[in-house]
Amino acid sequence: MKGGTKLDKIYLDNAATTKMSEAAIKEMTRCMNDYYGNPSSLYTVGQQAKEIIEKAREEIAGVINASPKEIYFTSGGSEADNQAIITAAAIGKRKGKMHIVTSAIEHHAVLHALRRLKNEGFEITELPVSKEGIVNKEDVKKAIRDDTCLVTVMYANNEIGTLQPVSEIGAICKEKGVLFHTDAVQAVGHVPIDVKAENIDMLSASAHKFHGPKGIGFLYVRKGIIVSNLIEGGAQERGKRAGTENVPAISAMAVALKEAEAGMKENAKKLTALRDYLIKGLSGIPHSALNGDAKKRLPSNVNFCFEGIEGESLLLLLDDKGICASSGSACTSGSLDPSHVLLAIGRVHDVAHGSLRLSLSEETTKEELDAAIKAVKETVEYLRGFSPVWRDLNAGKLQFIL
Amino acid sequence: MALYSEKVMDHFRNPRNVGVIEDADAVGEVGNAKCGDIMKMYLKIDNDTVSDVKFETFGCGSAIASSSMATELIKGKPLSEVRKLTNKAVAEALDGLPDYKMHCSVLAEEAIHAALDDYESRTGKKTE
Ligand SMILES: Cc1ncc(COP(=O)(O)O)c(C=O)c1O
Ligand SMILES: [Zn+2]
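For the record, the sequence lines run as chains S and W. Residue numbers for the first sequence follow the numbering used here, so the first one is 39 and each next one is one higher. Residue numbers for the second sequence follow the numbering used here, so the first one is 668 and each next one is one higher.
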């Protein structure tokens with residue numbers, strides 16, 4: 039990926055969002071300048087804009103081995119997740135099937151959409167994950183009942199980066215005749231995806247996770263599945279998603295995705311090496327542990343817990359050192375609860391409190407990681423220096439967990 | 668827009684009175700059952716006055732900043748006055764805290780009150 043000007047920051051929060059690629063920015067401004075027409079208008083200027091979005095649809099479909107008619111543009115990952123779930127629920131309800139299977143580590147977009155369905159009478163089975171953060175496909179098999187209308191399990195987790203057994207779950211769902219949706223927001227553009235080979239019925243994606251613009255994404259829905267609307271209005275997206283299309287964002291998303299696809303193999307190789315280097319470096323901090331499987335994870339994701347410290351204070355001090363990162367600590371959540379993902383992999387509250395996620399991009403360098411490792415080491419040590427928990431751990435009044 | 672005020676960031680980056688008093692006259696340790704932050708206050712008391720104070724905190728930016736500010740507010744103060752310290756006063760002295768972070772300043776008030784309770788039970792004196 040070609041980037042714009044390099045920030046004097048070490049940006050290690052690419053799971054939160056990525057910087058737009060130069061090509062995507064160019065495409066966006068090109069569309070703004072040259073294709074301002076409304077794609078629904080019949081005159082040439084409108085139809086040219088229409089062509090732009092249909093070309094984008096074709097390109098995007100090609101990347102995941104779908105057909106263009108199976109791609110619906112949305113405002114991003116959250117909308118795509120909601121629409122997929124509402125779609126499956128509506129189909130299920132018509133058949134009297136009101137049971138949904140999911141995992142304990144889904145993004146809030148899925149979790150909260152399901153919570154709403156629960157209030158409407160659906161039954162939700164939330165599958166646990168292993169301590170490495172991976173759903174067991176046998177659990178999926180066992181959880182599916184005659185009245186199951188949907189299995190929704192994410193492709194890759196946004197916090198701990200773990201890759202889920204998607205093709206195995208897809209095969210099970212196909213055999214059982216149950217719809218399978220996967221939130222692939224963290225995976226699209228980063229790992230190869232083939233919706234046909236992996237028996238995926240619905241898939242959510244978001245452009246800003248692969249160097250495209252924010253506020254645009256897509257939902258893939260296999261042909262033959264009747265899509266339910268979230269937004270009623272005009273006939274855009276074959277009547278399934280009203281609203282004048284965001285032509286520049288759609289086209290820029292396609293450009294970013296093509297670019298990501300072209301560099302995927304090479305980037306994954308480079309990133310995996312960097313990721314493992316970072317993991318090795320952070321493992322040198324005493325009483326720390328990697329969260330999530332060491333190998334079955336996104337090439338870009340590193341997530342650690344450090345005992346005896348709290349994540350928000352770690353993030354603030356890292357920010358002072360120019361490092362952008364993220365944490366699953368209760369104090370960073372706004373809800374006072376630590377990350378449900380960390381709790382699901384068995385991290386107790388105190389340990390989850392000290393979590394740090396560093397997510398790399400293709401532009402990340404070894405020098406940046408050396409600086410990050412040094413900064414994290416120093417900051418953890420500093421915070422432990424006046425942590426009453428760390429004191430009690432060292433005095434033997436509390437037992438070390440990590 | 669920054670999450671915290673300049674004052675909060677100052678006390679967070681350069682916390683005052685950090686550490687331990689080995690021969691403290693009173694110690695108070697409290698935890699927030701909800702978010703998990705933990706705060707410990709050590710007081711040295713002479714002539715019913717806080718002559719020295721130190722703290723240790725396991726917690727977020729606002730927990731550390733409010734610990735620091737609270738120690739400043741009680742240092743050199745008579746116990747009767749220290750008893751009256753509220754989390755509101757701590758938060759105000761920090762030029763405010765985000766709403767969902769107010770519970771972290773409650774810890775400072777609670778830790779100081781716990782230390783005063785400890786002092787009462789050690790000495791039999793009243794601090795009200
Ligand atoms: C796994 C996952 N699902 C859904 C979303 C939501 O995507 P968006 O921000 O595009 O709505 C995100 C991004 O935060 C994510 O990581
Ligand atoms: Zn806190």
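Here a beta-carbon is modelled for each residue, glycine too, at the ideal position from N, C-alpha and C.
Bridge partners of Ile712/W according to DSSP: Val717/W.
Relative to ligand 1, the beta carbon of Met192/S is positioned inside 7 Å of a heavy atom. The three-state secondary structure of Thr753/W, taken from DSSP, is coil. Residues of the segment 688–708 of chain W whose Cβ lies closer than 8 Å to any Cβ of chain S, in chain order: Glu696, Lys701, Cys702, Gly703, Asp704, Ile705, Met706, Lys707. Between Thr125/S and Ile317/S, the beta carbon gap of about 38 Å keeps them out of contact (Cβ cut-off 8 Å).
Thr724/W has a beta carbon lying within less than 8 Å of a beta carbon in chain S. For Val685/W, the chain S residues whose Cβ falls inside 7 Å of its Cβ are Phe424, in order along the chain. For Val427/S, the chain W residues whose Cβ falls inside 8 Å of its Cβ are Ile705, Phe725, in order along the chain.
For Ile779/W, the nearest beta carbon of chain S is not closer than 8 Å to its own beta carbon. Inter-residue distance for Thr190/S and Gly301/S is about 29 Å (C-alpha atoms, whole angstroms). Counted as a single uninterrupted DSSP element, the beta strand (DSSP E) harbouring Asn339/S occupies residues 339–344. Listed in chain order, the positions of the segment 323–350 of chain S with a beta carbon within less than 9 Å of a beta carbon of chain W are Gly346, Ile347, Glu348, Gly349, Glu350. Set against 7 Å, the gap from the CB of Ala142/S to the closest heavy atom of ligand 1 is not smaller. Under DSSP, Val694/W takes part in a beta bridge, and its partners are Tyr709/W.
DSSP lists Asn341/S, Ser364/S as the beta-bridge partner residues of Arg395/S.
In the DSSP assignment, Ala194/S is bridged to Leu201/S. From the listed residues Ala87/S, Gly330/S, Gln121/S, Ala409/S, the smallest Cα separation to Gly255/S is found for Gln121/S.
Neighbourhood of Ile741/W in chain S, by CB distance below 9 Å: empty, with the nearest CB roughly 18 Å away. Contact with chain S is found for Gly728/W, since one of that chain's Cβ atoms lies less than 8 Å from the residue's Cβ.
Across the structure, Glu748/W and Ile741/W are spaced so that their CA atoms are roughly 8 Å apart. Ranked by Cα distance from Ala782/W, the options Val773/W, Glu696/W, Ala700/W are led by Glu696/W.
Using a CB distance cut-off of 8 Å, Cys362/S does not count as an interface residue toward chain W. Sorting Lys307/S, Gln86/S, Ile207/S, Leu355/S by C-alpha distance to the C-alpha of Glu419/S places Leu355/S at the top. Contact annotation: the segment 170–185 of chain S touches the segment 136–152 of chain S, with at least three C-beta pairs closer than 8 Å. Neighbours of His387/S in chain W, taken as residues at a C-beta separation under 7 Å, are given in chain order as Gly703. Residues of chain W whose Cβ lies closer than 8 Å to the Cβ of Asp358/S are, in chain order, Arg680.
Going down the chain, each residue whose beta-carbon is closer than 5 Å to a heavy atom of ligand 2 shows up: Cys369/S, Cys702/W, Asp704/W, Gly726/W, Cys727/W, Ala730/W, Cys771/W. Note: Ser116/S is not bridge-paired with any residue in the DSSP secondary-structure output. Residues of the segment 731–761 of chain W with a C-beta atom less than 8 Å from some C-beta of chain S are Ile731, listed in chain order. Three or more Cβ pairs drawn from the segment 715–723 of chain W and the segment 684–703 of chain W lie within less than 8 Å of each other, which places the two stretches in contact. A distance criterion of 7 Å places the beta-carbon of Asp408/S beyond contact range of ligand 1, judged by its closest non-hydrogen atom.
Closer than 8 Å at the C-beta level to chain W, one finds no residue of the segment 276–309 of chain S. Residues Ile411 of the same chain have their beta carbon placed closer than 6 Å to that of Gly319/S, with the five preceding and five following residues left out of the count. The way I'd put it, the segment 335–345 of chain S does touch the segment 395–402 of chain S; three or more beta-carbon pairs between them come closer than 8 Å.
Against His391/S, the close residues of chain W are Gly703, in the order they occur along the chain (beta-carbon pairs closer than 7 Å).
Beta-bridge pairing by DSSP links Glu723/W to Lys707/W.
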